[in-house]
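Asker:
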Amino acid sequence: MTSIILPYYNRPDDIFDACLYSIANQNCNVDFEVLVIDDGSDHNIYHPFDVIRNYTDKLNIRYFYNNNPGFTIASFAINIGIKQSLYDYIIISSSDVVWHKDILKNFIEVFNKNLHKKIVIGTLVYGLNKHGTNKFLGLPKTERLEFDKKLNLPDLVEYKETMQLSEHCLYIYEHPKRENGIPLNFLTGYYKELLLDMQGFDEDIECGEDMVFIKRLQLANVQPIWLDLKCLHLYHYDSVIGYRESPRKKTDEIISKLTTYKANKNI
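For the sequence shown, our numbering assigns the number 401 to the initial residue and increments by one for each residue that follows.
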């Protein structure tokens with residue numbers, strides 16, 4: 401029924417394990433598969449297959465590895481997942497998101513309404529490590545939520561007590577829900593038919609594929625549906641270093657691509 405695509409690149413093992421654990425413990429009795437698309441991670445430091453091995457008896461999980469060493473582009477990994485997926489409903493999730501135990505059930509309930517010009521958005525709270533800043537993520541100044549080092553946030557799946565994730569969650573922020581806006585692609589559900597019609601994500605840019613895809617969705621008059629349940633995004637600093645290396649060049653690249661789509665008025 402549902403294919404869950406997890407693009408993966410140099411993800412800390414404990415964070416990746418938290419993601420898979422939360423997916424394996426969903427309160428939803430439906431068929432689903434998990435596709436992990438590894439975009440050339442350094443396996444001397446990160447060990448995704450060792451983590452995956454712990455869930456092969458709990459999840460229908462497939463692992464794909466891009467033999468090109470080093471990060472290619474997130475769009476490339478996502479598009480591989482779309483092509484390899486077996487089901488009509490697709491959820492694209494960052495591999496550092498811890499799912500609420502009922503979120504898959506909520507996704508399915510909306511998918512079954514056959515709203516093909518809609519996408520389904522999972523609401524997130526952000527757990528930031530010592531390198532994370534409120535300013536960088538563009539989050540509003542909000543009260544810090546209580547966190548007891550066991551991931552015992554309200555409404556989130558109860559996590560293994562043996563897992564120590566406190567270093568990744570020194571700060572917890574709520575992200576505002578924009579009713580008419582489409583957020584970045586950290587936890588989003590699509591009808592596969594829509595993704596195929598749009599020919600997947602743009603692979604011609606080095607980063608910012610989410611922003612370009614959002615513009616294409618808006619040009620296609622696709623509207624978001626927000627889910628109320630909150631999931632935890634363990635946003636880790638390593639994932640943003642590449643963007644900070646040459647922000648001007650990459651920002652110009654994104655703006656150029658967005659301008660092209662807007663001028664052509666197509667997806």
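By construction, the Cβ of each residue, glycine as well, lies at the ideal position given by its N, Cα and C atoms. Predicted model only: the values in this text are computed from it and were never measured.
(1) Mapping the DSSP letters down to three states, classify phenylalanine 507 as helix, strand or coil.
(2) Is it the case that the Cβ atoms of proline 407 and alanine 477 are separated by a distance below 7 Å?
(3) What three-state label does DSSP hand proline 624 in the structure shown?
(4) Which residues mark the beginning and the end of the beta strand (DSSP E) in which glycine 589 is found?
(5) Is there contact between the segment 618-635 and the segment 490-500, where contact requires at least three CB pairs shorter than 8 Å?
(6) By how many angstroms is the C-alpha of arginine 453 removed from the C-alpha of arginine 462?
(7) Looking only at DSSP bridge pairs, what is valine 498 linked to?
(8) For the putative contact between valine 520 and phenylalanine 507, defined by C-beta atoms under 8 Å, what is the C-beta separation to the nearest angstrom?
(9) Verify whether the separation of the beta carbon atoms of valine 613 and phenylalanine 601 is less than 7 Å.
(10) By DSSP, does glutamate 609 sit in helix, in strand, or in coil?
(11) Relative to the alpha-carbon of valine 434, which residue among Gly440, Ile404 and Phe449 has its alpha-carbon at the smallest distance?
(12) Do leucine 486 and cysteine 428 have their beta-carbon atoms positioned less than 7 Å apart in this structure?
(13) Using the Cα positions of tryptophan 626 and glycine 522, report the straight-line distance between them to the nearest angstrom.
(14) Drop a sphere of 10 angstroms on the beta-carbon of valine 436, count the other beta-carbons inside from all chains shown, and report buried for 16 or more, exposed for fewer.
(15) Counting only beta-carbon separations shorter than 7 Å, does glycine 481 have a partner in chain C?
(16) Let me check one thing: in DSSP terms, what residues is valine 403 bridge-paired to?
(17) In angstroms, rounded to a whole number, what distance separates the CA positions of lysine 615 and histidine 447?
Answerer: So, from the listed chains and residues:
(1) Mapped onto the sequence shown, residue 507 falls at position 107. DSSP, reduced to helix, strand and coil, places phenylalanine 507 within a helical segment of the structure shown.
(2) Mapped onto the sequence shown, residue 407 falls at position 7. Mapped onto the sequence shown, residue 477 falls at position 77. With contacts defined as CB atoms closer than 7 Å, proline 407 and alanine 477 qualify as a contacting pair.
(3) Numbered from 1 along the sequence shown, position 224 holds the residue referred to as residue 624. Of the three classes helix, strand and coil, the one that applies to proline 624 here is strand, per DSSP.
(4) Your numbering for residue 589 matches position 189 in the sequence shown. In the DSSP assignment, glycine 589 falls within the beta strand (DSSP E) that extends over 587-591.
(5) Three or more Cβ pairs drawn from the segment 618-635 and the segment 490-500 lie within less than 8 Å of each other, which places the two stretches in contact.
(6) For the purposes of this step, residue 462 is taken as the residue at position 62 of the sequence shown. For the purposes of this step, residue 453 is taken as the residue at position 53 of the sequence shown. Looking at the backbone, the Cα of arginine 462 and that of arginine 453 are separated by about 11 Å.
(7) To locate residue 498, count along the sequence shown from 1; it is residue 98. Valine 498 has Leu632 as its beta-bridge partners, per DSSP.
(8) Sequence index remark: in the sequence shown, residue 520 carries index 120 (1-based). Sequence index remark: in the sequence shown, residue 507 carries index 107 (1-based). Contact between valine 520 and phenylalanine 507 holds: CB atoms are separated by about 6 Å, below the 8 Å threshold.
(9) Along the sequence shown, read from residue 1 onward, the residue named residue 613 stands at position 213. Along the sequence shown, read from residue 1 onward, the residue named residue 601 stands at position 201. Per the sequence shown, residue 613 should be read as phenylalanine rather than valine. Cβ distance < 7 Å, so phenylalanine 613 and phenylalanine 601 count as in contact.
(10) Along the sequence shown, read from residue 1 onward, the residue named residue 609 stands at position 209. Glutamate 609: helix per DSSP, three-state reduction.
(11) Working through the sequence shown from its first residue, we reach residue 434 at position 34. Across the set Gly440, Ile404 and Phe449, the C-alpha of Ile404 shows the shortest separation from the C-alpha of valine 434.
(12) Translated into positions along the sequence shown, residue 428 becomes position 28. Translated into positions along the sequence shown, residue 486 becomes position 86. For cysteine 428 and leucine 486, no; Cβs fall outside 7 Å.
(13) Mapped onto the sequence shown, residue 626 falls at position 226. Mapped onto the sequence shown, residue 522 falls at position 122. Roughly 6 Å between the two C-alpha positions.
(14) Stepping through the sequence shown from its first residue, residue 436 is reached at position 36. Burial call: buried.
(15) You won't find chain C in this structure, because it holds only one protein chain.
(16) Here residue 403 is taken as the residue at index 3 of the sequence shown, counted from 1. The sequence as given places serine at residue 403; valine does not occur at that position. Note: serine 403 sits in a beta bridge opposite Glu433 and Ile490.
(17) Against the sequence shown, residue 615 aligns to sequence position 215. Against the sequence shown, residue 447 aligns to sequence position 47. One C-alpha to the other measures close to 35 Å.
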